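See below for the structure under consideration.
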Amino acid sequence: MDDFEKKIENDVVVEVVNLTRATLKEAIEFKKILDDNLEKKFRKLVVDISQCEFLDSTFLGTLVYAKRSAIKIGGDLKIVEPPSVFKALREKTSTLQVFDTYKSLDEAIKSF
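So the sequence shown is numbered by the working numbering: it starts at 930 and just counts up by one.
Right, dumping it as structure tokens:
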């Protein structure tokens, strides 16, 4: 299985992160993937990190960067969250307040 899997549902691009640990190494590759989506003018992005047990600050920074970039072209980036990771991160940092997070992929897609 690939680390990242792209799906397109209607006009929403879904990037599924098939990792339990998302760190600097993966963030570099994932940023390229997200940049490619934005260059192709995909404005509605969902990142499914429901399989992640750990996100480092670099990977989180990549998500923040992509959200800001999507907003600049009139779009948005939403997150399908793994409850334990985001709950712990929310308690430690205000960075996550910039994201709309959802418990399921369906919910995130329908939010557009």
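Glycine residues also receive a C-beta, built at the ideal position from the N, C-alpha and C atoms.
Given the structure is predicted, the values throughout are model-derived calculations rather than measurements.
Report the three-state DSSP secondary structure of residue i (helix, strand or coil).
i                 : result
phenylalanine 959 : helix
arginine 972      : coil
aspartate 1029    : strand
glutamate 1036    : helix
leucine 926       : There is no way to answer for residue 926, as the model of the chain reaches only from 930 to 1041.
Can you list, in chain order, the residues of its chain with a C-beta nearer than 8 Å to that of residue i? Leave out the 5 residues immediately preceding and following it.
i              : result
aspartate 1005 : Arg972, Lys973, Leu974, Lys996, Ala999, Asp1029 and Phe1041
Is residue i a contact residue of the ligand SAM, with contact defined as CB to any heavy atom under 7 Å?
i             : result
threonine 949 : This structure lacks the ligand SAM, and indeed carries no ligand of any kind.
Skipping 5 residues on each side, what residues in its chain have a beta carbon closer than 6 Å to that of residue i?
i            : result
leucine 1034 : Asp977 and Val1009
alanine 1037 : Val975, Lys1007, Val1009 and Tyr1031
Measure the beta-carbon distance from residue i to residue j and round it to whole angstroms, keeping in mind my assumption that it falls under 8 Å.
i             : j             : result
threonine 952 : aspartate 985 : 5 Å
valine 1027   : valine 993    : 6 Å
Per DSSP, what are the beta-bridge partners of residue i in this structure?
i               : result
isoleucine 937  : Val942
isoleucine 1008 : Val976 and Thr1030
So which of the options has the shortest CA-CA distance to residue i?
i           : options                            : result
alanine 956 : Lys1001, Lys1039 and Phe933        : Phe933
lysine 961  : Thr991, Val945, Gly1003 and Asn939 : Thr991
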